[in-house]
């Protein structure tokens with residue numbers, strides 16, 4: 013008999029269940045997540061302007077793979093597994109560089125920026141070697157919001173549906189985010205966080221504001237409604253953005269004015285409001301009137317995740333900051349504190365995931381309903397059943413049960 | 013066919029077998045030990061006077077769990093899994109503290125010291141949440157010898173039988189240990205040892221004195237009979253304590269007088285004698301006329317164990333030492349050296365446990381007979397068979413065989 | 013249906029397949045290699061003159077075991093598992109030493125250098141303990157080329173066939189290597205490398221010179237034919253040594269003269285030539301006219317290998333170097349650079365072994381044919397099938413497939 017806990021509140025309450033603790037600690041579940049989620053879905057990996065000219069490349073981690081992203085002569089930005097077709101050595105052995113071809117440093121097999129094998133010692137005496145088949149193994153690439161998105165799947169999900177769909181779910185349309193002109197913004201600051209927690213704890217944290225009053229004093233000062241624990245994306249069926257407080261002059265650590273103007277094409281309704289969007293599996297987009305904050309997550313193990321956070325401003329704002337005519341610190345500091353507060357909470361939650369007291373999972377209050385939808389998606393994407401009999405099955409995590 | 017090696021000496025000798033080496037190295041056997049031994053039996057975790065007043069709490073590790081031990085207003089010392097009933101975060105995030113309630117730092121779910129949920133954001137709008145069911149998950153607590161003992165099992169073994177029973181087995185009655193008044197002693201010194209060895213090697217080491225002549229020069233100077241390798245607890249059916257040497261004036265590193273008097277109510281036969289008791293699975297009690305030494309073991313992995321050793325004296329002795337009117341160093345130094353000597357031997361034994369040459373286990377000489385009883389208990393508690401066919405079975409370690 | 017890829021070139025080319033990537037990353041395959049290769053075959057472990065007199069001993073690692081190698085009074089060099097027959101403690105707890113007996117430091121069980129148990133506390137009261145059966149567990153020892161070779165197998169392979177056979181395969185006879193008088197050379201320099209790569213990548217690297225032009229500028233300067241990527245051991249059926257370049261005066265980092273004379277009994281054809289021999293599973297021998305370079309590999313994990321490299325010279329040359337009358341640096345530096353260049357390539361290859369893009373393995377060009385023979389030997393020794401259906405089998409790595 014299958015009991016779907018999604019449709020049943022927990023005993024002794026109307027609270028809703030979470031997955032069992034081992035969903036956050038089991039290396040084999042993490043391996044499934046790498047294979048079925050991060051290595052099959054679209055990942056946002058780097059800012060396109062980090063590859064300014066032909067031949068510039070960077071290596072990035074996607075799932076358990078290392079990928080070369082390179083600006084080619086003929087085909088825009090392309091991406092390849094960083095594995096030589098001959099004996100497998102890393103073709104690019106640095107984090108970034110610029111070159112006319114991609115040459116493996118072991119036996120000098122040499123690839124065009126567009127991927128084909130173009131030279132190798134004694135290659136002329138091996139005329140039957142197919143230059144394309146023995147080229148670098150290609151992965152799919154798209155650009156959006158000024159970022160390069162990469163998908164390792166042989167048959168990638170439709171980008172428009174999978175990625176833009178998340179924005180449409182949030183806003184009903186795609187124009188609302190287009191207003192921010194994110195593709196032409198520039199990165200004013202990037203911070204990288206090494207978080208000792210499972211990636212799902214981080215995404216769940218982003219999906220609720222029930223914790224805001226407890227751990228985010230600066231954020232709730234700027235956006236008072238967060239103190240009520242509400243992070244709803246819809247109110248009475250309408251798209252909901254969170255209003256700045258009455259005396260707040262900017263999205264800064266102390267609510268003072270940022271010192272620079274709003275993004276030129278935002279709609280009137282986007283003024284003095286904060287919007288948050290999650291693009292599963294690894295991107296958070298936060299928009300405020302004068303800048304945009306984008307997080308990219310890179311899961312490292314079942315208990316460790318790298319999070320890279322970009323603060324994006326108008327190019328002229330970044331230029332002035334570089335010339336010391338403007339200070340971005342107050343703007344950056346607000347979400348940097350929020351990040352540290354959130355990630356500390358995640359790190360203090362991770363160790364309990366292996367406790368007997370959390371074996372059946374925890375409880376979600378009503379304002380954490382976005383998390384429940386995320387869990388439903390997670391169960392479905394991994395092909396796991398949520399049922400009371402799951403303890404008998406090695407494949408499925410046991411059904412949630414009350415925590416206490 | 014089942015051959016019980018307990019009843020058969022090893023070939024080529026009358027020596028007795030030990031478990032096979034992998035009993036000390038296999039992570040899955042260690043996981044069973046955590047589940048079946050440390051998470052089901054009574055563990056001695058901290059000195060009760062470390063929680064002097066209402067609201068004082070400490071976090072301790074038991075098996076693979078972290079537990080809060082707290083002095084409550086209404087119910088004496090209580091203990092809980094350190095896991096919030098809501099989303100699981102560690103409720104207490106330090107090693108110790110004092111507070112009026114136990115509040116989770118993530119979403120401010122707040123628990124009475126007695127465990128019930130008493131407050132949470134928006135809790136009034138969730139009236140159906142059962143305050144007891146969504147309280148902290150309780151674990152069993154007892155106090156004895158001035159220590160807090162905790163048991164994670166839902167149905168704990170009878171404390172009197174399981175714990176006091178070990179003392180009765182040693183002395184025939186419980187009064188002999190009561191004479192030392194351990195519950196009213198004070199801790200004069202605590203040392204913590206991080207030992208790179210399986211916990212069973214440490215307990216086995218404590219159970220025999222065949223090694224004393226080789227590695228404990230100071231101890232055998234004070235108790236000369238240990239040089240003969242005898243650590244028998246009974247002689248001719250009588251309870252046996254080990255006599256101090258003739259010229260020995262105290263249980264100190266050089267045999268000189270300790271500088272302070274005997275414990276007031278010890279019996280005449282306990283004068284100038286050392287007694288040792290093992291309270292399985294993790295406590296060693298050593299009594300001498302003027303102080304008591306208690307070890308608590310906390311297994312960390314199959315090859316690592318934390319040992320905490322307390323030296324307990326009369327409160328007035330500790331007070332004088334704190335006022336620099338008395339020096340406890342000579343008393344503490346004796347067993348500290350014994351500890352270091354023992355743990356070094358265990359650490360040099362651990363690596364061989366994975367050797368092909370120890371695959372069938374080692375050999376026990378007659379004076380190591382207490383170890384043999386420990387092994388029998390270990391096999392039984394884990395539900396393992398000791399038989400010659402065990403190599404065919406994944407569940408049971410292979411039967412012991414000659415080492416050479 | 014079984015398809016042996018050894019007999020089939022890769023699609024889209026006449027290139028030959030390698031084993032799949034997980035052969036280099038799977039801990040269970042590595043455990044098989046330890047059990048079936050390193051713990052069953054002859055290992056070259058130390059220079060015999062490192063044990064100059066009776067009682068000198070060293071401990072060495074073979075496979076997953078620690079072994080004592082000792083010069084005995086009656087039986088030359090002998091070797092034992094470093095495991096006491098009583099309770100298993102390491103008998104020798106240092107890397108080297110000298111003693112009249114081998115005594116365990118735990119309970120003083122004492123063994124003759126020849127292995128038998130000769131003393132223990134209370135041993136006289138245990139007259140039935142068989143001194144031989146409770147002696148140290150012996151392992152097989154041979155000496156050749158001035159090295160001690162050890163085999164852990166109870167029934168070791170025939171030394172002449174297994175070890176000398178590799179030399180006969182290379183040279184057709186054994187005399188060619190005898191000419192170098194390696195057993196009477198002395199070690200002028202030893203360097204130890206901790207390489208973050210699977211041992212097979214290191215052996216494969218040694219077996220081809222297709223990489224020489226790319227990574228070994230100094231070596232190809234001294235031996236110009238290596239720049240063509242040829243490292244063939246036979247040419248037109250004849251034994252082939254690699255010739256020094258015309259203007260090269262010695263096998264030194266800059267091709268200048270070494271400053272000391274040739275080994276006295278080398279044959280005319282061995283003059284101005286370099287020969288390389290692999291003695292599977294862990295020895296590389298390189299001979300040049302005036303010295304010999306010998307590598308010993310000790311696999312530590314599936315992704316880590318210790319390599320020890322000795323530079324051997326005539327005793328009088330080493331004596332002069334010690335007296336500062338001669339400088340060996342130029343000779344040593346050449347292969348030290350080659351080592352670092354090779355090991356860096358191996359370390360940059362190891363991470364790709366777990367990539368999806370290398371799941372089917374890589375490709376071998378014709379001049380890498382020695383590697384293909386090594387792979388055939390590896391499959392056979394581990395009892396693995398090479399077939400297209402292997403993906404269905406947990407035991408066998410999947411059949412190689414094109415990399416791109």
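Protein chains in written order, with the numbering used here: chain A, 13 to 416; chain B, 13 to 416; chain C, 13 to 416.
Each residue gets a CB set at the ideal place from its N, CA and C atoms; glycine is no exception.
| Query | Result |
| --- | --- |
| Within 10 angstroms of the Cβ of residue 14/C, are there 16 or more other Cβ atoms? Answer buried if so, exposed if not. | With a pLDDT of only 33 at residue 14/C, under 50, the local geometry of the prediction cannot be trusted, and the value read off the model is given with reservation. Classification for residue 14/C: exposed. |
| Any beta carbon of chain C sitting closer than 8 angstroms to that of residue 10/A? | Since the first residue of chain A shown is 13 and the last is 416, residue 10/A is not available in this structure. |
| Near residue 296/A, which residues of its chain fall below 6 angstroms by C-beta distance, leaving aside the five closest residues on each side in sequence? | 218, 290 and 307 |
| Quick one: any contact between the segment 60 to 78 of chain C and the segment 93 to 107 of chain C, if contact means 3 or more CB pairs under 8 angstroms? | yes |
| Given a threshold of 16 other Cβ atoms within 10 Å of its Cβ, counted over all protein chains shown, does residue 398/B qualify as buried or as exposed? | buried |
| Which ranges would you report for the alpha helix (DSSP H) in the segment 161 to 189 of chain C if only whole runs of at least 4 residues count? | 177 to 183 |
| Tell me, to the nearest whole angstrom, how far the beta carbon of residue 198/C is from that of residue 325/C; I am working on the premise that it is less than 8 angstroms. | 6 angstroms |
| Identify the continuous beta strand (DSSP E) that holds residue 203/A and give its terminal residues. | 198 to 207 |
| Within the 8 angstroms Cβ cut-off, does residue 95/C reach chain B? | yes |
| Ignoring anything shorter than 4 residues or poking outside the segment 98 to 142 of chain A, list the alpha helix (DSSP H) runs there in chain order. | none |
| May I have the straight-line CA-CA distance separating residue 101/A from residue 364/C, to the nearest angstrom? | 6 angstroms |
| What's the C-alpha gap between residue 377/B and residue 356/A? | 54 angstroms |
| List in chain order: all unbroken beta strand (DSSP E) runs of 3+ residues lying wholly within the segment 245 to 307 of chain C. | 285 to 291 and 295 to 300 |
| What number of angstroms, rounded off, separates the C-alpha of residue 367/B from the C-alpha of residue 315/B? | 14 angstroms |
| So with Cβ pairs under 8 angstroms, would you call residue 372/C a contact of chain A? | no |
| Bridge partners of residue 70/A, per DSSP? | 81/A and 108/A |
| Please tell me whether residue 365/C has its Cβ less than 8 angstroms away from any Cβ of chain A. | yes |
| Which first and last residues belong to the alpha helix (DSSP H) in which residue 386/A is found? | 381 to 394 |
| Nearest by alpha-carbon distance to residue 206/A: which of 311/A, 170/A and 190/A is it? | 311/A |
| How would you list, in chain order, the residues of chain B whose beta-carbon sits under 8 angstroms from the beta-carbon of residue 38/C? | Within 8 angstroms Cβ-Cβ: nothing; residue 38/C doesn't reach chain B, min ~18 angstroms. |
| For residue 24/C versus residue 142/A, is the C-beta spacing smaller than 8 angstroms? | yes |
| Please classify residue 309/A: does DSSP put it in a helix, a strand, or coil? | strand |
| Let me check one thing: in DSSP terms, what residues is residue 318/B bridge-paired to? | 206/B and 310/B |
| Taking C-beta pairs closer than 8 angstroms, name the residues in chain C that residue 117/A reaches, listed in chain order. | 226, 227, 357 and 360 |
| How is residue 91/A classed by DSSP in three states: helix, strand or coil? | strand |
| Should residue 100/A be flagged as near chain C, meaning a C-beta pair shorter than 8 angstroms? | yes |
| What is the residue span of the beta strand (DSSP E) that residue 54/B lies within? | Element bounds for residue 54/B: n/a, residue is neither H nor E. |
| Please identify the residue among 112/C, 236/C, 36/C and 240/C whose C-alpha is closest to the C-alpha of residue 267/C. | 236/C |
| Within a Cβ cutoff of 7 angstroms, which residues of the same chain sit near residue 352/B, ignoring the five residues on either side of it in sequence? | none |
| Indicate whether residue 2/A and residue 157/A have their beta-carbon atoms separated by less than 8 angstroms. | A query on residue 2/A cannot be resolved here, the shown segment of chain A reaching from 13 to 416 and no further. |
| Can at least three beta-carbon pairs, one atom from the segment 163 to 170 of chain B and one from the segment 118 to 132 of chain B, be found at a separation below 8 angstroms? | no |
| Residue 223/A CB to nearest chain E CB: under 8 angstroms? | Annotation note: the requested chain E is absent from the structure, which comprises protein chains A, B and C. |
| Pair every Cβ in the segment 147 to 157 of chain C with every Cβ in the segment 386 to 396 of chain B, then say whether three or more of these pairs are closer than 8 angstroms. | no |
| Cα separation between residue 381/A and residue 28/A? | 9 angstroms |
| Which chain A residues are close to residue 105/B, counting only those with a beta carbon under 7 angstroms from its beta carbon? | 360 |
| Looking at the structure shown, is residue 149/C part of a helix, part of a strand, or coil, going by DSSP? | coil |
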